[in-house]
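Heads up, the thing below is written out as structure tokens.
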Amino acid sequence: MKIYKGYRAIIGLEVHAELCTDTKMFCRCKTSSDDEPNSNICPVCMAFPGSLPITNTKAVELAVTAGIALNCKINCYSRFDRKNYFYPDLPKAYQITQFYHPICENGFLDIKTQDNEIFRAGITRIHLEEDAGKLFHDISTNITQIDFNRSGVPLIEIVSEPCFNNSADVVEYLKKLRSVLIYSGVSKCRMNKGEFRCDVNISVQKQDDTTLGTRTEIKNLNSFKFIQNAIDAEFIRQVDLLCEGNDVIQQTLRFDTVLCKTFPMRSKENSADYRYFPEPDLKPVIVDVSYIQNCRRALPELADARFKRYTEKYLLSDTQADALTQNKEISDYFEQCLKYTQSTKTLCDLITGEVFRLIDDKFVIGISAENLACIASFCDNAVINASTAKRLVSELWNKNLSTEQYIKDNDLEQLNDEEVIRKIVICVLEQNSKAVGDFKNGKVNAKKTIVGAVMAKSKGKANPVIVQKLVDDFLSN
Amino acid sequence: MSDLTKLDVRQIVDGIKDKQFSCAEITSEYLKKISLSSLNEYITVCKEDVISKAQKLDNSKDKNGILFGVPFCVKDNICTRGIKTTCASKMLSDFVPVGDAFCVSLLNDSGALLLGKTNMDEFAMGSTSEISFFGTVKNPINQNFSTGGSSGGSAASVSAFTSAFSLGSDTGGSIRQPSALCSVVGLKPTYSLISRNGLIAYASSLDTIGPITRTVYDSALILSVLAKHDANDSTSRASLKDTHYTLGIEDGVKGLKIGVPEDIFFDGVDEDIIKAVTSCAEILKRGGAQIVPIKLYNPEITASVYSVISCAEASSNLARYDAIRYGYCSDKKVQNLDELYCLSRSDGFGEVVKKRILFGTYVLSQEGYEKYYKKAVQIRSITSDHYRQVFSVCDCILCPTYPKVSLPLGYQDKNPYLSDIFTVFQNLCHLPAISLSVGKTTSGFPVSVQLTSNSFREDLLFKSAYFLEQYIKGGVGV
């Protein structure tokens, strides 16, 4: 809802995305998160005395790439700063981030609103920083454990303008942002692995007012659904507070997904004093114009561009193109298949129908692009019929066989010989005189039974178009 | 064989090469001297390790290291693998690093032998080496007097012949001032020339590692080994080529312009030191140099700028000592995380360290940032401009290292920051400087002077300092 009791919500987002680098932001430790706790650590990311940071140049490249994909101005000069605070998951007791001079600024992302309009969401800045470790609280033993594998992992923080007024737009923006980051190769954005995190800043103002109200920050939201619910709940809470004559207190909140309410996270502290100052151990980040141009040239095709190509060049419907581009792995697979076939529509149907159905949680596609492409081509060329094509996808799933060979070995080739089919139709008609009678008496469905019987008799191989035609011919006489 | 510990680095290398003595022999002599020392200059002595290493060197075929067989010691804020590195603090009293500092590995690779880790002011904060968890360091010249600091142990050791050379660290004068008071040669190279990797940080934009030696030549020799680019220190200067600082050291000072500040002769500076500076100017003039009057940039403001910036960076660099991953952890029962931090840090750090952390935190806080830190950074930049100007009219600045020739133990300096005025500007402006003794007072205390040059012009420092040293050795005192 956009307006409540005469108030509207002003929402800004801070998204943290883990970059696709092999090593951490300031040391050569691996970024893999699946390993044993505290197995990817070194004196630098553990902040041992005497250790110094070294900037990961791939991380810089990915930050610039993100900036280009999000229409930002890339700053040739940017710099690191120290954000100082104490917490057990922060080994140096400061985070190296970019406070004063971020690497990218003033970008935007166009999204479709609920009213089907294009809304240009402003992006204030994108900057590089390092992640902290992970804390595990065991309530039963009252012990907190720290895993420093994540300490030092490269992040970009993408800060939006406070331009959103409703939770639906926020979710659209986040989905689109995720897609851009995945397609551009910047981040894998797997939310369940914490590779894409969103903090929400929300305040309210009267409809005719321009001054910003006090904002609260909602953290630890790990799904789009919860983000949406949290925003809606907090919007109402703030407005109700103000209507009762109370003030909104600036604080950090968490969202209780069961009670559907926001609660304060920390008992004290409002705006902490981070004592930012330039990081003396690192040189500034300098990227020149040719570097930026190279990143621009290397930028992969994004989802929007693929969508356009799928609808305009391959004449797929919006829904089909959407289904294919939702997930980059699927879209990449589709692209792979296109190397072997031009039967784009059939291919699309097979993917969105069969492949989607068979695919497992780990998103492993059990049929090679070449094989699926082959099935699509054969289907369009009437070598096999549509139902055989569908069957083939399951039968060849996770098997190392060639489509062509399999079709030959299992005698799956479509029967296209009209004469042979005619004989079968005649035979079926003779054996199903009741059905024929029913049809002639007006039961239209009886024709389906006859067609089904013909298909069955031909072991599913008969060309359905020819079958339909012949059955129609016979029945109309 | 006469006392091997009296040989300087060059003589040791030559002596071992000529087979006059072995690595094991000279190392044992040093260990003996150390065991007899009452100066408390060492925190850790690597007795067994260094003997076995020395024996290995004696048995090895390759004896080509530039510092082959030379016994040295290292200030205890420089990491040494497997050897306790404490920063003279309760906070790190049991800390054992997993790797060597880059400079230590360079010295090890050159064949030098690590005797042990030296005492210092806690976390390099101080100028007397009395503020140490391991007790005060005494001056070998007179044990009722301080060595100065914070590299007091390193300076005392070289002076007392319990090492052939040592490494110290200098953030605002911590190599040069104790070298002056202990009558040895102390070099603070240009910031970024020697890697800071493995140096436990005090103030990241000011800290420099440097050699303390008995002769100027030795200083140039050690610098040649240490001045190497380190990819693990992002501020480390990109290498040009290997520089041999001993080349041209005997060239003399003809044609060099020596800047002498007009404003050094104020109340707080000892007479002997003022006389020494004047005499040295004369000596250099006799060598063909030209004396040019210059001005130091407002010393009082510079001292304040130094104090703001060094404490600010220190408050951040020392925040990692939070009792979580290493270091001292309070054994008192704590109710929550804040208490763990407070108790461990209050107990683990000494008073001076705590004061500087508090001050540093304040100048970076919302309240203090504009007033102090931001201003200090701006003035730092102006100060650098000033010295750029100065070095456009002279090659080296000649001035005192320290205003006093001696510091009795327990001396309470009314204005400790003003005593640093001759040494802090070089750290702020990334200029190299060398201190050397040029004479003695009647009570036997060393009288030292300091030469400062433009960034990366250590060659000019060595030429001038060598000239002075040799001239004075030649018998003509000051």
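Residue numbers (my numbering), protein chains in the order written: chain A, 1 to 477; chain B, 1001 to 1478.
Backbone N, C-alpha and C fix where the C-beta goes; we use that ideal spot for every residue, glycine too.
Please classify residue i as buried or exposed, where buried requires at least 16 other C-beta atoms within 10 Å of its C-beta.
i       : result
B/D1322 : buried
A/I118  : exposed
A/T211  : exposed
A/V364  : exposed
A/T65   : buried
A/K399  : exposed
A/N405  : This sequence places Gln at residue 405 of chain A; Asn is not what is there. Exposed, because fewer than 16 other Cβ atoms sit within 10 Å of the Cβ of A/Q405.
B/C1046 : buried
A/V444  : exposed
A/K328  : buried
A/A298  : exposed
B/V1009 : buried
B/Y1341 : buried
B/F1068 : buried
A/P53   : buried
A/E234  : buried
A/V289  : exposed
Report back the beta-carbon spacing between residue i and residue j to the nearest angstrom; my notes put them in contact at under 8 Å.
i       : j       : result
B/S1316 : B/Y1417 : 21 Å between Cβ atoms; not a contact.
B/D1050 : B/L1107 : It is Val, not Asp, that sits at residue 1050 of chain B in the sequence shown. With 8 Å as the limit, B/V1050 and B/L1107 do not qualify as a contact, their Cβ atoms being about 13 Å apart.
B/V1305 : B/I1379 : 5 Å
B/C1394 : B/G1259 : 3 Å
A/P49   : B/R1325 : Not quite, the Cβ-Cβ distance comes to about 10 Å (not below 8 Å), so this is no contact.
B/V1098 : B/R1081 : 7 Å
B/G1327 : B/L1031 : Not really, about 30 Å apart at Cβ, beyond 8 Å.
A/T478  : A/L350  : In this structure chain A extends from 1 to 477, so residue 478 of chain A is not present and cannot be described.
A/G194  : A/S203  : Contact flag wrong, Cβ pair sits at about 27 Å.
A/V258  : A/F224  : 18 Å between Cβ atoms; not a contact.
A/L521  : A/S394  : Since the first and last residues shown for chain A are 1 and 477, residue 521 of chain A lies out of range.
For residue i, collect the residues of the same chain with a Cβ closer than 6 Å to its Cβ; drop the 5 residues on either side in sequence, then sort them by chain order.
i       : result
A/T403  : N371, C374 and I375
A/T136  : The question names Thr, but residue 136 of chain A in the sequence shown is Phe. If we look at A/F136 and ignore the five residues flanking it on each side, its Cβ neighbours are Q145.
A/R125  : P102, E105 and V159
B/I1066 : S1110 and V1225
Can you name, in chain order, every residue of its own chain whose Cβ lies under 8 Å from the Cβ of residue i, other than the five neighbours on each side?
i      : result
A/N416 : A382, N463 and I466
A/D138 : T144 and Q145
Enumerate in chain order the residues of its own chain whose CB-to-CB distance from residue i is below 7 Å, with the five nearest sequence positions on each side excluded.
i       : result
A/D472  : none
A/D232  : S167
B/I1283 : L1468 and Y1471
B/E1130 : T1136, S1146 and L1409
A/K83   : Y94, Q95, T97, F99, Y274 and Y276
B/C1429 : T1383, S1384 and Y1387
B/A1376 : V1305, V1308 and I1309
B/K1033 : T1005, F1161 and T1162
B/G1126 : G1149, S1150 and V1352
Is the separation between the beta-carbon of residue i and that of residue j shorter than 8 Å?
i       : j       : result
B/L1447 : B/D1263 : It should be noted that the sequence gives Val, not Leu, for residue 1447 of chain B. It is not a contact, given that the beta carbons lie outside the stated cut-off.
B/E1041 : B/A1124 : no
A/L19   : A/L62   : yes
B/T1044 : B/K1117 : yes
B/G1149 : B/V1424 : no
B/S1406 : B/L1181 : yes
B/G1248 : B/K1463 : yes
B/G1168 : B/K1056 : no
A/F378  : A/V425  : no
B/C1103 : B/I1194 : yes
A/S78   : A/N149  : no
B/R1345 : B/C1311 : no
When every heavy atom of the ligand MN is checked, does at least one fall within less than 7 Å of the C-beta of residue i?
i       : result
B/R1356 : Judged by which ligands are present, the structure shown has none, so any question about the ligand MN falls away.
TODO: Pick out the complete beta strand (DSSP E) segments inside the region 23-86 of chain A, 3 residues or longer, and give them in chain order.
DONE: 81-84
Task: Start-end ranges of the alpha helix (DSSP H) lying completely within the region 151-196 of chain A, minimum 4 residues - done: 167-183
Task: Complete runs of the alpha helix (DSSP H) confined to the region 295-323 of chain A [at least 4 residues] - done: 303-312
Open item on the list: Restricting to runs no shorter than 4 residues, where is the alpha helix (DSSP H) found entirely within the region 1399-1450 of chain B?
Closed with: 1424-1428
Task: Continuous alpha helix (DSSP H) assignments of at least 4 residues falling wholly in the region 1012-1073 of chain B - done: 1023-1036 and 1047-1059
Task: Segments of 3+ residues assigned as beta strand (DSSP E) that fall wholly inside the region 312-393 of chain A - done: none
Task: Those runs of the beta strand (DSSP E) which lie wholly inside the region 1280-1309 of chain B and span at least 3 residues - done: 1290-1294
- [ ] Enumerate, from N- to C-terminal direction, the unbroken alpha helix (DSSP H) stretches of 4 or more residues contained entirely within the region 202-275 of chain A.
- [x] 224-243
Open item on the list: Extract the residue ranges of the beta strand (DSSP E) inside the region 1205-1248 of chain B, only unbroken runs of 3 or more that lie entirely within it.
Closed with: 1208-1213
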